[in-house]
Amino acid sequence: MGSVAGDAARLSYPPTRRDNSVVDMYHGVPVADPYRWLEDPESEDTKEFVASQVELAESVLAGCFDRENLRREVTRLFDHPRHGAPFRRGNKYFYFHNSGLQAQSVLYVQDSLDGEAEVLLDPNALSKDGTVALSTYSVSKDGKYIAYGLSESGSDWVTIRVMNIADKQTLSDKLSWVKFSSISWTHDGKGFFYGRYPAPREVELDAGTETNINLNHEIYYHVVGSDQSEDILCWKDPEHPKYSFGASVTEDGKYIILGTYEGCDPVNKLYYCEICTLPQGIEGFKETKGMLPFVKLIDNFDAQYHVVANDGDEFTFLTNRNAPKNKLVRVDIKKPELWTDILPEHERDVLESADAVNGNQLLIRDLVTGNLLHKLPLEIGSVSEISCRREDMDVFIGFTSFLSPGIIYRCNLTSAIPEMKIFREISVPGFDRTNFEVKQIFVNSKDGTKIPMFIMSKRDIELDGSHPTLLYGYGGFNISLTPSFSVSRVVLCKNMGFVVCVANIRGGGEYGEEWHKAGARAMKQNCFDDFIACAELLISAGYTSYRQLCIEGGSNGGLLIAACVNQRPDLFGCALAHVGVMDMLRFHKFTIGHAWTTDYGCSDNEEEFHWLIKYSPLHNVRRPWEQSFVNCCQYPAIMLLTADHDDRVVPLHSLKLLATLQYVLCTSIEDTPQIDEVADRYSFMANMLDASWTE
-1 MGSVAGDAAR
9 LSYPPTRRDN
19 SVVDMYHGVP
29 VADPYRWLED
39 PESEDTKEFV
49 ASQVELAESV
59 LAGCFDRENL
69 RREVTRLFDH
79 PRHGAPFRRG
89 NKYFYFHNSG
99 LQAQSVLYVQ
109 DSLDGEAEVL
119 LDPNALSKDG
129 TVALSTYSVS
139 KDGKYIAYGL
149 SESGSDWVTI
159 RVMNIADKQT
169 LSDKLSWVKF
179 SSISWTHDGK
189 GFFYGRYPAP
199 REVELDAGTE
209 TNINLNHEIY
219 YHVVGSDQSE
229 DILCWKDPEH
239 PKYSFGASVT
249 EDGKYIILGT
259 YEGCDPVNKL
269 YYCEICTLPQ
279 GIEGFKETKG
289 MLPFVKLIDN
299 FDAQYHVVAN
309 DGDEFTFLTN
319 RNAPKNKLVR
329 VDIKKPELWT
339 DILPEHERDV
349 LESADAVNGN
359 QLLIRDLVTG
369 NLLHKLPLEI
379 GSVSEISCRR
389 EDMDVFIGFT
399 SFLSPGIIYR
409 CNLTSAIPEM
419 KIFREISVPG
429 FDRTNFEVKQ
439 IFVNSKDGTK
449 IPMFIMSKRD
459 IELDGSHPTL
469 LYGYGGFNIS
479 LTPSFSVSRV
489 VLCKNMGFVV
499 CVANIRGGGE
509 YGEEWHKAGA
519 RAMKQNCFDD
529 FIACAELLIS
539 AGYTSYRQLC
549 IEGGSNGGLL
559 IAACVNQRPD
569 LFGCALAHVG
579 VMDMLRFHKF
589 TIGHAWTTDY
599 GCSDNEEEFH
609 WLIKYSPLHN
619 VRRPWEQSFV
629 NCCQYPAIML
639 LTADHDDRVV
649 PLHSLKLLAT
659 LQYVLCTSIE
669 DTPQIDEVAD
679 RYSFMANMLD
689 ASWTE
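With the working numbering, letter number 342 in the sequence shown gets 340, and the count goes up by one each step, no holes.
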């Protein structure tokens, strides 16, 4: 596509083979796919293609003068201790802590909040190159065992191990082919529920590099000390191989709750099984080979139901049934005819979560009546975590914002008016929040919808159009982009004079399910229109110019970036697309991609094919010399990032788009630390936008 920036030397892209014989017919429409061969990650042709593109990318990055400055300053600011909120199991407390530059936080255990803490599990010691990560964990109710899941090289595949907490010895238990699973212990501490897929046929498979579709999810119960082959199959649904499941034990230990999901939409079926009704307990089903006798409470996909608490047979659910901003309801599951609203849907605010503990404004309400008891004082930001159980008198609340690295509050509920004090606060040496400002503005989109956008910058900047600017977005799957602290954003603002913006476009969950649906399926173009409107506002309001504006997003956000570049290449000076979904006609054929059809649609359906073909990044490359292109201009400089073990958004999406456009590729190599990746992509951005470094 020519040069990566106005005055940069013209790049010589490696030649790439095109196979023009590959043409698919979609509902009478022929669609060429000349780079289909890049879908095979194990072929020598694909490996050679990736190697040549990495070499090219490195040659470009080597000329980015501020790469080392960014690496040094991000490293310096990252080097500060961070704590997670503590939680109690049995008579012990647990919490995560990072000393500063550790790749992963370490799990500690202590006898009391003031007691001496000991390392329980250090994920950094599990591999020499740091590619083994702690992806999930669960401590048994009595605090005797911890079951924890490990993933390698960023893969979604997880291996579950079990540790005896008293002597910190790892047991022989090893559960493989686990994916998209929680771990939920029964209260007797004998074992736990988890979800897995059948083992693949390829014995020597390098887990995470495959592209095969994930089908036939199953729920098992594992007894501590036994082999995985002896695990008890609790639920499967071979008639619906694309369904996924989650099993959890209620806080009182009486019920097993089974959630069934058909995709990524916030809807689920919900069944329950009363443990005391099992004559021989769960282990009795090992001999019968039958599945647990779940009772169907909700047997459709009309709404989402999340258990908040139960008092015997009376359950409290957070649901979006007839309430797109969510509400709390109560029902006797043995008499499910009557459902009672205890906290109706708010006219404006989304009920993001609810925890029972006596109960992003944070409110304490009575679990029975829903009456407001207390409003807890927090500034504008995000509640990052809430640590509590029904029996606890203390609630630990994690808070963060664009200018707050993190605070953990301890709220004691024994007094008439809850007392909230700072338990721990994260401090970043060299960061002075008074030097920065954050504002929220609202942008009129193409159809007049007001789109919220946060803008972070140095204090009192002049709106003269001179500032390099980074605009970030996502817009999908009901996921909200709420304020959070980022060292890299701080460095960009402080040392390079950037304005950093986060656009809360439709498709996300910021305003509830209606906001989500307004940017999904047939309405997906709204996401791109919203993001483009935010970019145009930043230029017209004097924050920046198109030559100094960079856009960034990952996964669904990578799709957002690529689609916006295709539709408005004249509007941006640079673009960073991480692990984007780029082939909208074939995404459902690989690993867990079929679950995304609830947000995108599927090309197998004729109507939905016509939605997708209009914006699919791979199929809408517009070259300046094409007559159909309205504004004749060059594409902005683009960096595509992917990962060889990303088995969620598989690398083929970025590789096929790269081969089509010959953009700059930066592939995540297994031994590249996170800070190096930040330095790579933002030094590339700075170089393309001609932003300069200041101490």
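Cβ atoms here follow ideal geometry from the backbone N, Cα and C, with glycine treated the same way. Computed from a prediction, not measured in an experiment: that's the story for all the values here.
**Report entry** Nonlocal neighbours in the same chain, by C-beta distance under 8 Å from Tyr106, ignoring five residues either side
**Finding:** Excluding five sequence positions before and after Tyr106, the CB atoms of its chain that fall closer than 8 Å to its own CB belong to Phe92, Tyr93, Phe94, His95, Ala115, Glu116, Val117, Leu118, given in chain order.
Requested in this report: Helix, strand or coil for Gln438, going by three-state DSSP, please let me know.
Outcome: If DSSP states are grouped into helix, strand and coil, Gln438 belongs with the strands.
Query raised in the report: Would Leu656 be called buried (16 or more neighbouring beta carbons within 10 Å of its own) or exposed?
Result: So Leu656 counts as buried.
Query - Member of Gly505, Ala533, Leu268 whose CA lies at the smallest distance from the CA of Gln523 - result: For the options Gly505, Ala533, Leu268, the alpha carbon positioned closest to that of Gln523 is the one of Gly505.
Query raised in the report: How big is the Cα-Cα spacing for Ser690 and Met494?
Result: Distance between the alpha carbons of Ser690 and Met494: 6 Å.
Requested in this report: Please report how far the alpha carbon of Ser180 lies from the alpha carbon of Tyr269, in whole angstroms.
Outcome: Taking the CA atoms as reference points, Ser180 sits about 17 Å from Tyr269.
Report task. Express the C-alpha separation of Glu423 and Phe483 in angstroms, rounding to a whole number. Result -> Going by the C-alpha atoms only, they are around 13 Å apart.
Query - Residue range of the beta strand (DSSP E) that includes Gly193 - result: Boundaries of the beta strand (DSSP E) around Gly193: 189 to 194.
Query raised in the report: CA-CA distance, Leu124 and Val130?
Result: Linking Leu124 to Val130 through their CA atoms gives a straight-line distance of about 6 Å.
Requested in this report: For the segment 233 to 248 and the segment 274 to 287, state whether three or more C-beta atom pairs, one from each stretch, are separated by less than 8 Å.
Outcome: No: the two stretches stay apart, fewer than three of their Cβ pairs being nearer than 8 Å.
Query raised in the report: Below 8 Å between beta carbons: does that hold for Tyr472 and Gly555?
Result: A contact, by the Cβ cut-off of 8 Å.
Query raised in the report: Who are Val327's beta bridge partners in DSSP?
Result: Its beta-bridge partners are Phe315, Asp339.
**Report entry** Spatial distance of Leu132 from Pro121 (CA atoms)
**Finding:** Going by the C-alpha atoms only, they are around 6 Å apart.
Query raised in the report: Alpha carbon to alpha carbon, what distance is there between Leu639 and Ser666?
Result: Its pLDDT being 39, under 50, Ser666 is placed unreliably by the model, and the measurement read from it follows with that caveat. In a straight line, the C-alpha of Ser666 is about 7 Å away from that of Leu639.
Report task. Could you tell me which of Phe47, Asp17, Ala49 sits nearest to Arg34, measuring between CA atoms? Result -> When Phe47, Asp17, Ala49 are compared, the shortest CA-CA separation from Arg34 is found for Asp17.
Report task. Report buried or exposed for Ile144, applying the criterion of at least 16 other Cβ atoms within 10 angstroms of its Cβ. Result -> Label assigned to Ile144: buried.
Requested in this report: Please classify His215: is it buried, with 16 or more other beta-carbons within 10 angstroms of its beta-carbon, or exposed?
Outcome: With at least 16 other beta carbons inside 10 angstroms of its own, His215 counts as buried.
Query raised in the report: Do the segment 588 to 607 and the segment 255 to 268 meet, that is, are 3 or more Cβ pairs less than 8 Å apart?
Result: Yes, they touch.
**Report entry** Under 8 Å between C-beta atoms of Gly141 and Lys177
**Finding:** No.
**Report entry** Beta-carbon proximity list for Ile230, same chain, < 6 Å, skipping 5 on both sides
**Finding:** Around Ile230: Tyr219, Phe283, Lys284.
**Report entry** Beta-carbon spacing of Ile449, Ser443 below 8 Å
**Finding:** Result yes, Cβ atoms of Ile449 and Ser443 sit closer than 8 Å.
Query - Beta carbon of Tyr303 nearer than 8 Å to that of Glu272 - result: Not closer than 8 Å, so no.
Query - Environment of Pro615 [buried if 16+ CB atoms lie within 10 Å] - result: Label assigned to Pro615: buried.
**Report entry** C-alpha gap between Val72 and Gln100, whole angstroms
**Finding:** Just so you know, the alpha carbons of Val72 and Gln100 end up roughly 14 Å apart.
Query raised in the report: Could you give the residue range of the alpha helix (DSSP H) that holds Arg457?
Result: Element bounds for Arg457: n/a, residue is neither H nor E.
Query raised in the report: Taking only runs of the alpha helix (DSSP H) that begin and end inside the segment 467 to 547, which ones reach a length of at least 4 residues, in chain order?
Result: Secondary structure in the segment 467 to 547: the alpha helix (DSSP H) runs of 4 residues or longer, each lying completely within the stretch, are 485 to 494, 511 to 515, 523 to 538 in chain order.
Query raised in the report: Going along the chain, which residues of its own chain have a beta-carbon closer than 7 Å to the beta-carbon of Thr14, five neighbours each way excluded?
Result: Contacts found: Phe47, Ala657.
Query raised in the report: Measuring CB to CB, does Val426 end up less than 8 Å from Leu75?
Result: Contact flag set, yes.
Report task. Give the single residue among Leu173, Leu536, Gly98, Leu9 whose Cα lies nearest to the Cα of Val58. Result -> The residue among Leu173, Leu536, Gly98, Leu9 with its C-alpha nearest the C-alpha of Val58 is Leu9.
Query - Alpha-carbon to alpha-carbon, Glu550 and Tyr199 - result: Strictly speaking, residue 199 in this sequence is Arg, with Tyr absent from that position. Distance between the alpha carbons of Arg199 and Glu550 is about 38 Å.
Query raised in the report: Roughly how many angstroms lie between the CA atoms of Cys664 and Arg679, to the nearest whole one?
Result: Model confidence at Cys664 stands at a pLDDT of 36, short of 50, so the residue's coordinates are unreliable and nothing is read from them.
**Report entry** Same chain, Cβ closer than 7 Å to Trp183, five either side skipped, listed in chain order
**Finding:** Hits under 7 Å: Ser136, Ser138, Lys139, Phe190, Val247.
Report task. Measure the beta-carbon distance from Val577 to Phe570 and round it to whole angstroms, keeping in mind my assumption that it falls under 8 Å. Result -> 19 Å between Cβ atoms; not a contact.
Query raised in the report: Among Gly147, Asp165, Ile217, which residue has its Cα nearest to the Cα of Thr157?
Result: With distances taken between Cα atoms, Thr157 lies closest to Gly147.
Requested in this report: Taking the CB atoms as reference points, tell me whether Thr467 and Tyr541 lie closer together than 8 Å.
Outcome: Yes; because the gap between Cβ atoms is below 8 Å, this pair is in contact.
Requested in this report: Check Met683 in the structure and name its three-state DSSP category.
Outcome: In this structure, Met683 counts as helix in the three-state DSSP scheme.
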